[in-house]
DNA sequence: TTGTACGCGTTATCAG
DNA sequence: CTGATAACGCGTACAA
């Protein structure tokens, strides 16, 4: 055994007095090799503690068996769950997952894409940053012949596949649910309406209102950030209205939480006086004493499906650029913050 | 521009009628190259949209500029925060982070290590799985001359650095805090005492009791899992005791949460009748209507420091195998579930 | 200051 | 079935 643990097929070939090419073939189970030689090689390989050098393999084949995943922040539950899905789907196929963060900055997003391409990844998965307003860097990925898959936050780029949830439907579902609970003046905490996902949630909200015969009231739509403070502020503004809402569909769980805290301070009873549904199914929503209804985006499934789309693409017969758009259905988790069905029974 | 975007230093050298070596040197800012040539090369490189192939570089240099991070599950807040810390510290140094999951299985842990070594990573960061009871695979990493750094869950292996928090101190702090709040019969939800971290928390708990003149009561120590159900079960068992505890230091936030829910059902007032502190500072603990006290393990910092340890190691003058043990101090986050200081004031 | 030649570890092609 | 040779893209002694 050599010092630094770097055993190559050459070392094996010398020991066995055969050529390195033969060793390589034996190791790769090439059919045109004698069983005897193969066994000899495997035995020697094991004995010498040989390991394939995937770097050399990659350089030769042009396939690194690495993929990059770019997200705003990896320690957000939603993103880390997606990454988990990708890893679990791709791992068994021999891929490694390289992670990158953008911190919501387009410049770093561009930089991350560049370094990933330098590293010769076989594909890139990503959720675009909030500040991204340009698609040049995405096109570059395609130009290099690499596969690109968007998840959740996407832009329309020809040739790029995407996996998202149906945000329109999610908004529609949540709002309809509130209506079914007896809410009549439903507000909306909208998030950044420049982002496709928030726009779609908003439209789903409007659609549900109209379909049930309610006239949307622009005063009921609040621009919010995804934070507790923003939710509290929105709640206060909401309560200054002449005709106070009796429910809200919030495009963020954090905003929903802030609103709940604020409304409680003001003595509003939930869900009796006011129903609320959040978005993302953040872990905390189900742990509260008053669990918060929320829309689950099934991130694990999202990651797995994104990975499957990638696999189809790379396995497919070469240059045929497929573009696949997968739209997943969200799941509404109804919890106490919007569930009036058990109110009368609860006589504790 | 070539078809597949694969521009090499050869393409540049041809275009400029110089040798590839000169191009390489110019690109690497080798001092012994004329400024004029350098500028010519840079201009051509930019124009031809040249990108360094890090794979080839890595094969040549023996340094891939990739590190692997192995954790049980990446979508646990604690782990994803550590990974974030590692990425943010290492990214600026040109490293990429490859993530792997063990699902708490030693066999997959071994496999992940092997494939990471095959990929020629420059180092491996990891938190060992619960079922790991053997150090052979760790030694193998060292034998290959790669740097290994444990974080949080570690084993003692000569030559391996580690970054952990002081679990003993954490247990001591939390327990002392409960005592300071007037608790006299303090229980402990212990987790898996075979794991070093839980053992240390338990010992910190015992130490605090003794130091304050309390005699530890074995009946007050409960073996628990890190789950809500386990916490509820422990609470019930606890309440069957003749002398009921009046506080608990839980080694897990989930267990603490389960206990709180169960105790409330039984009409126990928190923190008046019973104080509780959890562990990990999971996001949900601070969002509850009754925020839960918890020990913050400062995972972001932990990741950054682990990365720094790695950098010191690889930058150091070669084979000198350094072994660095960093022990971080935990931070106790005191919240309502164990804070009696404001009880009399609260007259709302 | 620049060019030549070689090697990193592997696989594919072409002979034999 | 097996061996020699080239090539993937880059960096670097050595020579000029």
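Chains as they are written, first to last, in full-length UniProt numbering: chain Y, 1 to 348; chain A, 1 to 348.
Don't be surprised by glycine CBs; every beta carbon is placed ideally from N, CA and C.
Test: residue i CB closer than 9 Å to a CB of chain A
| i | result |
| --- | --- |
| residue 340/Y | no |
| residue 88/Y | yes |
| residue 255/Y | no |
| residue 220/Y | no |
| residue 74/Y | yes |
| residue 306/Y | no |
| residue 83/Y | yes |
| residue 181/Y | no |
| residue 27/Y | no |
| residue 350/Y | With chain Y represented from 1 up to 348, any question about residue 350/Y goes unanswered, as that position is not in the structure. |
| residue 264/Y | yes |
| residue 322/Y | no |
| residue 119/Y | yes |
Residue j beta carbon less than 9 Å from that of residue i
| i | j | result |
| --- | --- | --- |
| residue 250/A | residue 277/A | yes |
| residue 88/Y | residue 105/A | no |
| residue 300/Y | residue 75/A | yes |
| residue 138/Y | residue 155/Y | yes |
| residue 152/Y | residue 330/Y | no |
| residue 423/A | residue 326/A | Outside the modelled stretch of chain A, which goes from 1 to 348, sits residue 423/A, for which no answer is possible. |
| residue 78/A | residue 280/A | yes |
| residue 291/A | residue 335/A | yes |
| residue 9/A | residue 23/A | yes |
| residue 247/A | residue 225/A | no |
| residue 15/A | residue 44/A | yes |
| residue 214/Y | residue 189/Y | no |
| residue 343/A | residue 272/A | yes |
Cutoff 9 Å: residue i Cβ touching any chain Y Cβ
| i | result |
| --- | --- |
| residue 283/A | yes |
| residue 97/A | yes |
| residue 289/A | yes |
| residue 18/A | no |
| residue 70/A | no |
| residue 101/A | yes |
| residue 91/A | yes |
| residue 270/A | no |
| residue 148/A | no |
| residue 64/A | yes |
Buried versus exposed call for residue i [16 or more other C-beta atoms within 10 Å across all chains shown]
| i | result |
| --- | --- |
| residue 338/A | buried |
| residue 275/A | buried |
| residue 7/A | buried |
| residue 266/A | exposed |
| residue 263/Y | buried |
| residue 305/A | buried |
| residue 61/Y | exposed |
| residue 253/Y | buried |
| residue 113/Y | buried |
| residue 84/Y | buried |
| residue 177/Y | buried |
| residue 184/A | exposed |
| residue 31/Y | exposed |
| residue 197/A | buried |
| residue 109/A | buried |
| residue 93/Y | exposed |
| residue 200/Y | buried |
Enclosing beta strand (DSSP E) for residue i [first to last residue]
| i | result |
| --- | --- |
| residue 228/Y | Where residue 228/Y is concerned, there is no enclosing beta strand (DSSP E), although the alpha helix (DSSP H) it sits in stretches over 228-239. |
| residue 202/A | Careful: residue 202/A lies outside any beta strand (DSSP E), inside the alpha helix (DSSP H) at 196-211. |
| residue 88/Y | That residue, residue 88/Y, is in no beta strand (DSSP E); its alpha helix (DSSP H) goes 77-90. |
| residue 249/Y | 247-250 |
| residue 155/Y | That residue, residue 155/Y, is in no beta strand (DSSP E); it is neither H nor E in DSSP. |
| residue 331/Y | 331-333 |
| residue 284/Y | It is not in any beta strand (DSSP E) - residue 284/Y instead sits in the alpha helix (DSSP H) that spans 283-287. |
| residue 191/Y | Careful: residue 191/Y lies outside any beta strand (DSSP E) and carries neither H nor E. |
| residue 352/A | Examination of residue 352/A is not possible in this model, given that chain A is present from 1 through 348 alone. |
| residue 126/Y | 123-126 |
Span of the alpha helix (DSSP H), counted from its first residue to its last, around residue i
| i | result |
| --- | --- |
| residue 110/A | 106-118 |
| residue 176/Y | 167-180 |
| residue 225/A | Careful: residue 225/A lies outside any alpha helix (DSSP H) and carries neither H nor E. |
| residue 260/Y | 253-265 |
| residue 137/A | 136-143 |
Any contact between the region 195-208 of chain A and the region 235-243 of chain A? By contact I mean 3 or more CB pairs, one from each, below 8 Å. no
Are three or more beta carbon pairs between the region 56-68 of chain Y and the region 121-131 of chain Y nearer than 8 Å? Yes: the two stretches touch, three or more of their Cβ pairs being nearer than 8 Å.
I want to know whether the region 283-294 of chain A touches the region 284-292 of chain Y - three or more CB-CB distances under 8 Å. yes
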